[in-house]
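Beneath this line is the structure, given in structure tokens, with notes to follow.
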Amino acid sequence: MNALADEAARQLEAAARAARAAAADLARAPRPAKDLALREAARAICDAGPAILAANEADLAAAPDLSAAFKDRLTLTPARIEAMARGLKEVAELPDPVGRTLSEWTRPNGLVIRRIAQPIGVIGMVFESRPNVAADAAALCLKSGNAVILRGGRESLRSVAAIHAAMASGLRAAGLPEAAVQVAQTADRGFVGAMLRAAGLIDLIIPRGGKGLVTRVMEEARVPVLAHAEGLCHTYIHGAADPAMARSILLNAKLRRTGVCGATETLLIDAAIAPGLLPVLVADLREKGCEFRADDRARAICPDLPAAAEGDFATEWLDSVLSVAVVDGVASALAHIRRYGSEHTEAIVTEDAEAAAEFLNGLASAVGIWNASTQFCDGGEFGFGAEIGIATGRLHARGPVGLEQLCTYRYHMIGSGQVRP
């Protein structure tokens, strides 16, 4: 290990030990204290709006060669700051997930057994570019009784630090330990490596970012990981779709914000309606600056569409680019999604309820949507107040990661004098 890596490891260990002590206090904190911290943090974010925007402008100025999509993810605006504050207040209004009785049963010997929700402990959150993730993660971890160590991308260090200052203000106002929410003070990649090796100090790592980040975390972690896969989302326009609805949904699903994980990356359209509807859809999107990568069947209808290259249908564009394929019904659409998708979010547009049920029940994806934009795949839209990723793995929570997904459980056994024979 070089000197920089050694220093990053020392910083991480100090932060993790402080977080573990804070987590013990936070796990016992009453709901009023946690809610007060969130409301005060929301107020502090609003008050610090100009400072946060100035920090964000400095981040943007320090990285002038960003792609348009990356710049959009990094950029904060007054509306986005207001949304961060609103998210904190919404989380404060949600029920406290800690201490809930998840289930209860009585054994033949009279013992009553209860499964009780409890915090996980110390969470390490590794994320890229989007500074608002710092506020979302801090809010959800605080309310669920977990301490969190945040490590944002190097491009967002100033913005994240300014947001963290507001979160720390809220913790102080509520008398909760400031070490419950910490931010890496370095852009050194060694800090991430130290987080991934911190078994016994960090209980769970949550990566939120591109495929490269998630792959690195999955390969190097010695700590359990709640994986967030890339958002290779599909919108399937079924033969019984309402054309006007299809046009509106696709335009929003692709172009509302191209750099979010819920953005549609592939259009699937039934062959029965493609000759009449596909040229209209292409014209709608092209007018807004969208580019295309199309299969042979789509190009037979719209010859001016660029041909899809090998791998295009497996690409998360995060930009104004849409892959297009013509399919033969629900089974064909599902087969395409199974082959190329990332099990994130898929939508079907149709007036046929049986076709919608076949599609939704045939998905392995975390979220299936009928007659709405894939961009609704967001924790706030689910009523979770916020989210810190869309979990897609087969062996853990799936869908938006909110308060309930940041809790584990323990058991209580209540007897009346029983002894085991």
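Using the working numbering, read the sequence shown as starting at 8 and increasing by one per residue.
The beta-carbon is built from N, C-alpha and C at its ideal position, and this holds for glycine as well.
### Task
Please determine if the region 389-396 and the region 96-113 are in contact, where contact requires at least 3 C-beta pairs separated by less than 8 Å.
yes
### Query
Considering PHE77, what are the terminal residues of the alpha helix (DSSP H) in which it resides?
75-81
### Query
Are the Cβ atoms of SER330 and ASP319 separated by less than 8 Å?
yes
### Query
Between which two residues does the alpha helix (DSSP H) containing LYS303 stretch?
First, the residue type needs correcting, since residue 303 is Asp and not Lys in the sequence shown. Unbroken alpha helix (DSSP H) run through ASP303: 303-308.
### Task
Please list, in chain order, all residues of the same chain as ARG196 whose beta carbon is under 6 Å from its beta carbon, the five residues on each side excluded.
none
### Query
From the DSSP output, which residues share a beta bridge with ASP277?
VAL334
### Query
Out of ILE209, GLU388 and SER255, which has the shortest C-alpha to C-alpha gap to VAL230?
ILE209
### Task
Please name the residue, chosen from ALA26, PRO57, LEU73 and ILE376, that lies closest to ALA136 on a Cα-to-Cα basis.
This sequence places Ser at residue 136; Ala is not what is there. Here the closest residue by C-alpha is LEU73.
### Query
How many Å lie between CYS309 and VAL287 at the Cα?
10 Å
### Task
Please confirm whether GLY177 and GLU47 have their CB atoms less than 8 Å apart.
yes
### ARG345, DSSP secondary structure in three states
helix
### N-terminal and C-terminal residue of the alpha helix (DSSP H) that MET52 is part of
According to the sequence shown, residue 52 is Ile rather than Met. Counting along the chain, the alpha helix (DSSP H) containing ILE52 begins and ends at 38-54.
### Task
Could you tell me which of ALA305, GLY422, THR381 and PRO71 sits nearest to GLY406, measuring between CA atoms?
THR381
### Query
For ALA281, which residues from the same chain have a beta carbon less than 8 Å from its beta carbon, with the 5 sequence-adjacent residues on both sides left out?
ARG304, ALA305, ILE308 and VAL333
### Reference VAL105; option with closest CA among TYR418, GLY422, SER423 and LEU410
LEU410
### Exposure of SER423, with buried meaning 16 or more beta-carbon neighbours within 10 Å
exposed
### Query
Going by the CB atoms, is the gap between ALA173 and ALA51 shorter than 8 Å?
yes
### Query
For PHE320, which beta-bridge partners are listed by DSSP?
BP columns for PHE320 are empty, so no partner.
### Task
Have a look at PRO214, ARG35 and TRP112 and flag the residue whose alpha-carbon is nearest the alpha-carbon of ARG121.
TRP112
#### Entry: Classification of HIS419 by the beta-carbon crowding that lies within 10 angstroms, buried from 16 upward
exposed
### Query
On the three-state DSSP scale, how would you describe GLU237?
coil
### Task
Please list, in chain order, all residues of the same chain as GLY128 whose beta carbon is under 6 Å from its beta carbon, the five residues on each side excluded.
ALA30 and ASP210
### Task
Using DSSP bridges, identify the partner residues of CYS414.
PRO126
### Query
What number of angstroms, rounded off, separates the C-alpha of GLU316 from the C-alpha of ARG300?
According to the sequence as given, residue 316 is Ala; it is not Glu. The straight-line gap from Cα to Cα measures roughly 8 Å.
### Query
Are there 16 or more other CB atoms within 10 angstroms of the CB of THR415, so buried, or fewer, so exposed?
exposed
### Query
With distances taken from CA atoms, which of GLY131, PRO39 and CYS148 is nearest GLY200?
GLY131
### Query
Where does GLN425 fall in DSSP's three states?
coil
### Query
Under the DSSP definition of a beta bridge, which residues are partnered with PRO313?
Partner(s): none; PRO313 has no beta bridge.
### Element boundaries [alpha helix (DSSP H), containing PRO214]
Careful: PRO214 lies outside any alpha helix (DSSP H), inside the beta strand (DSSP E) at 211-215.
### Query
Taking the C-alpha atoms as reference points, what is the distance between VAL408 and GLY238?
15 Å
### Message
Out of ARG87, GLY283 and ASP311, which one is the CA nearest neighbour of ARG293?
### Response
ASP311
#### Entry: Environment of GLU361 [buried if 16+ CB atoms lie within 10 Å]
exposed
### Task
Tell me the start and end of each unbroken alpha helix (DSSP H) in the region 89-167 that is at least 4 residues and wholly inside, in chain order.
139-150
### Task
Take the Cβ of ALA218 as the centre, count every other Cβ of all protein chains shown within 10 Å, and call the residue buried at 16 or more, exposed below.
Checking the displayed sequence, the identity of residue 218 turns out to be Lys instead of Ala. Burial call: exposed.
### Message
Once the 5 residues before and after ALA62 are set aside, which same chain residues still bring their CB inside 6 Å of it?
### Response
ARG165, SER166 and ALA169
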